[in-house]
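See structure below.
2 protein chains.
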Amino acid sequence: MTLEPKRPLTLRDVSDASGVSEMTVSRVLRNRGDVSDRTRAKVLAAAKELGYVPNKIAGALASNRVNLVAVIIPSLSNMVFPEVLTGINSVLEETDLQPVVGVTDYLPEKEEKVLYEMLSWRPSGVIIAGLEHSDAARAMLRAASIPVVEIMDTDGRPVDAMVGISHRRAGREMAQAILKAGYRHIGFMGTKMPLDHRARKRFEGFTEVLGKNGVEIEDRDFYSGGSALAKGREMTQAMLERSPDLDFLYYSNDMIGAGGLLYLIDKGIDVPGQIGLAGFNGVELLQGLPRQLATMDACRAEIGRKAAEIIIASLDETADPVERQLTLSPTISYGDTLKRW
Amino acid sequence: MTLEPKRPLTLRDVSDASGVSEMTVSRVLRNRGDVSDRTRAKVLAAAKELGYVPNKIAGALASNRVNLVAVIIPSLSNMVFPEVLTGINSVLEETDLQPVVGVTDYLPEKEEKVLYEMLSWRPSGVIIAGLEHSDAARAMLRAASIPVVEIMDTDGRPVDAMVGISHRRAGREMAQAILKAGYRHIGFMGTKMPLDHRARKRFEGFTEVLGKNGVEIEDRDFYSGGSALAKGREMTQAMLERSPDLDFLYYSNDMIGAGGLLYLIDKGIDVPGQIGLAGFNGVELLQGLPRQLATMDACRAEIGRKAAEIIIASLDETADPVERQLTLSPTISYGDTLKRW
DNA sequence: ATGAAAGCGCTAACAA
DNA sequence: TTGTTAGCGCTTTCAT
């Protein structure tokens with residue numbers, strides 16, 4: 001064992017060590033083309049012995065192929081997105097494609113930057129949350145000439161493919177369920193996030209149906225930062241002190257809804273008799289609360305799986321065509337906090 | 342506008358469009374070397390006009406530099422890891438380094454595979470959870486000749502640098518606090534994860550101190566899958582029916598602890614008088630519960646930040662040297678479920 | 001079944 | 001300040 005200056009190993013090193021040409025070594029390592037068993041064995045032994053790790057940069061440049069799929073999402077702290085990732089992963093795992101995650105923090109400028117960075121690695125496809133992007137971002141997506149799947153939301157026109165739910169419709173359906181159950185004095189709590197277009201669309205759908213039925217949101221409040229559970233508790237308390245006549249609270253996500261629910265239980269208030277509650281997302285996490293919050297499943301894992309399938313199908317000429325504009329249907333679960341009519 | 346066969350743009354195209362040599366275009370786009378303002382403007386205009394996105398693959402191959410940092414973690418569903426990522430991000434954001442995340446699902450074989458994939462992109466550094474890796478993985482890490490920071494845990498010897506807490510010690514300290522508070526009949530609940538070495542070490546430290554004080558765990562139970570909150574509730578109920586004499590329940594994570602706490606509150610059991618409780622992690626999420634679970638902060642964001650700083654310092658010859666073996670000290674928070682002595 | 005040559009798109013190093 | 005040349009480590013293509 002001689003000490004050489006540290007330099008990553010190359011195909012050349014394996015070639016030298018095994019006495020086989022670089023080209024054949026390359027074939028063995030990629031399982032391409034016909035190679036005799038004897039040669040293959042020699043090469044594999046040498047590669048393992050040396051601890052050779054192929055250089056994908058060079059490989060990608062030469063072959064013009066990159067097995068990466070860019071996945072661009074607003075956040076990792078909101079459990080919704082890790083769940084989508086899990087769905088994407090479960091499908092890509094069976095291929096040689098690798099997801100690479102970029103986070104935008106809900107900021108359009110950051111989205112643009114992250115997208116630029118990722119596209120500069122020439123990925124094979126892009127999965128990106130939402131339909132709202134800057135013009136520059138949309139231009140990049142189009143110019144990349146690779147499959148692009150916009151996920152989560154289907155209220156709008158995609159650059160290429162899309163999979164998600166209609167948040168506007170989700171808001172409408174929840175409003176209908178609430179009205180049917182007989183509630184009329186409704187308060188709303190959500191995140192202070194003008195850039196969360198999906199939350200905005202749910203809210204718009206929600207107020208639209210209320211409005212058509214002559215009902216208006218009587219109180220509303222928005223928070224930012226901090227523990228959602230704690231915020232839900234505090235905001236609920238504050239809102240009920242301010243507007244004691246409310247008979248329903250609609251929360252833009254399950255975590256603050258759960259905070260509200262715990263507060264009401266604490267106070268001994270009759271839920272859903274005196275006050276009804278509903279959130280959004282269907283986060284599994286909350287099973288185990290004393291009572292189940294009414295909510296609506298956002299089909300997160302399914303969205304991830306479908307998006308990955310669309311990418312795969314787009315890349316494979318021989319594959320059966322798949323639906324490229326897919327709207328999933330979330331279902332309401334009434335839990336214990338929304339009266340059934 | 343003529344329709345050409347779709348082909349990604351190259352430096353060459355920008356060079357042609359601007360009448361400036363490829364080399365100078367390259368310099369402009371990277372802000373390297375002296376370029377006249379006039380030339381720079383011409384180039385930037387042409388690049389923007391065309392919508393040129395540089396090809397990092399070619400750039401990386403030529404310059405032998407890749408601005409990626411591989412981050413390898415067991416899971417994204419456990420909030421702990423997204424929080425570490427946030428810490429890493431917050432520091433890397435101020436450099437041109439980009440984290441790239443790989444997930445191992447707590448499986449050594451998968452860790453090995455993910456590591457291999459990531460190293461084949463020749464990243465500038467690696468941040469990897471835990472100190473336990475297969476021999477092959479450790480060999481790869483060493484052979485890569487790049488900074489490697491092992492995070493979360495410091496009970497063991499790192500390949501290169503490490504940042505984390507001593508989980509064994511965390512377990513010991515919690516045991517001491519519990520004994521000092523006077524509890525003697527202790528039950529334990531955790532995840533059924535033989536491969537979660539940190540949970541194992543906490544448990545070992547915990548039982549070690551109990552043992553030295555003549556106390557033994559009187560009942561234990563492990564779960565896998567499902568909603569942690571719900572599991573905590575169910576397991577707590579089952580354990581107390583089985584072992585009604587217990588006066589303390591130690592949970593391997595805060596989520597199941599919270600489930601247990603909610604169950605006990607529901608039952609009207611006196612916490613921490615009749616039964617004390619403690620978890621681990623200090624998840625912010627749980628603020629907002631009716632009562633605060635005793636827990637121990639795992640310093641997640643701090644670990645992420647420090648790890649990123651070590652990578653940066655290792656890459657920058659001129660930087661001040663930083664501590665490369667860093668053990669942070671978690672602190673107990675007693676909350677409302679562990680008596681102070 | 002194996003090898004040799006060319007070149008992927010960029011940047012380091014040097015020349016002008 | 002700008003341009004030229006020679007590769008980075010691999011794969012494609014074509015020859016043997």
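Listed in order, the protein sequences are those of chains A and B. Just so we're aligned, residue 1 is where the first sequence starts under the numbering used here, counting upward by one. Just so we're aligned, residue 342 is where the second sequence starts under the numbering used here, counting upward by one. For every residue, glycine included, the Cβ atom is placed at its ideal position computed from N, Cα and C.
- Judged by beta-carbon spacing, A170 (chain A) lies within the 8 angstroms limit of R202 (chain A), meaning their Cβ atoms are closer than that value.
- Within chain B, the residues S568, L570, A571 have their CB atoms less than 7 angstroms from the CB of Q287 (chain A), given in chain order.
- Residue nearest to Q325 (chain A) within the set A:S166, A:L11, A:D16 is A:S166 (criterion: CA-CA distance).
- Residues of chain A with a Cβ closer than 9 angstroms to the Cβ of Q578 (chain B) do not exist; the shortest Cβ-Cβ separation is about 11 angstroms.
- Here the alpha carbons of V441 (chain B) and L85 (chain A) stand approximately 14 angstroms from one another.
- Counting C-beta atoms within 10 angstroms of its own C-beta, P321 (chain A) has fewer than 16 neighbours from the protein chains shown and is therefore classed as exposed.
- In the three-state scheme derived from DSSP, where H, G and I count as helix and E and B as strand, G214 (chain A) is classed as coil.
- For K397 (chain B), the nearest beta carbon of chain A is closer than 8 angstroms to its own beta carbon.
- Straight-line spacing of the CA atoms in T295 (chain A) and K180 (chain A) works out to 16 angstroms.
- For D607 (chain B), the nearest beta carbon of chain A is closer than 8 angstroms to its own beta carbon.
- When 9 angstroms is used as the limit between beta carbons, M481 (chain B) is near these residues of chain A: G51, V53, in chain order.
- From the beta-carbon of Y116 (chain A), the residues of chain B found nearer than 7 angstroms are V394.
- A distance below 8 angstroms separates the beta carbons of G187 (chain A) and I217 (chain A).
- Taking the beta carbon of Q98 (chain A) as reference, the chain B residues within 7 angstroms of it are E458, listed in sequence order.
- Listed along chain B is no residue with a C-beta nearer than 9 angstroms to that of P244 (chain A); the closest approach is about 22 angstroms.
- If you draw a straight line from the Cα of P613 (chain B) to the Cα of T191 (chain A), it is about 34 angstroms long.
- Around the beta carbon of T672 (chain B), fewer than 16 other beta carbons lie within 10 angstroms, which makes this residue exposed.
- Against chain B, the beta carbon of A143 (chain A) has neighbours under 7 angstroms at G392, listed in chain order.
- For D153 (chain A), the enclosing beta strand (DSSP E) has its first and last residue at 148–153.
- Interface criterion not met: the Cβ of E173 (chain A) is under 8 angstroms from no Cβ in chain B.
- Taking all protein chains in view, the Cβ of P244 (chain A) is surrounded by fewer than 16 other Cβ atoms within 10 Å, so the residue is classified as exposed.
- Using a Cβ distance threshold of 8 angstroms, D254 (chain A) and N281 (chain A) count as a contacting pair.
- For the region 421–433 of chain B, the beta-carbon criterion of a distance under 8 angstroms to any beta-carbon of chain A is satisfied by P423, E424, L426, T427, N430.
- DSSP, reduced to helix, strand and coil, places V69 (chain A) within a strand of the structure shown.
- Taken through DSSP and simplified to helix, strand or coil, A619 (chain B) comes out as strand.
- Assigned with DSSP and collapsed to three states, A129 (chain A) falls in strand.
- Secondary structure note for T191 (chain A): its beta strand (DSSP E) is the uninterrupted segment 186–191.
- E173 (chain A) counts as buried, since no fewer than 16 other beta carbons sit within 10 angstroms of its beta carbon.
- Here DSSP, grouped into helix, strand and coil, assigns A46 (chain A) to helix.
- P290 (chain A) is positioned such that its CB atom lies closer than 8 angstroms to that of I265 (chain A).
- For Q237 (chain A), there is no enclosing beta strand (DSSP E); the residue is found in the alpha helix (DSSP H) stretching over 228–242.
- The beta carbons of G102 (chain A) and V114 (chain A) sit about 4 angstroms from each other, so the pair counts as a contact at 8 angstroms.
- Counting every other CB atom within 10 Å of its CB across the protein chains shown gives R122 (chain A) a total of 16 or more, marking it as buried.
- In the three-state DSSP reduction, M503 (chain B) falls in the strand class (E or B).
- At a cut-off of 8 angstroms between beta-carbon atoms, G598 (chain B) makes no contact with chain A.
- The contact set of V101 (chain A) on chain B, defined by CB atoms closer than 7 angstroms, consists of V442 in chain order.
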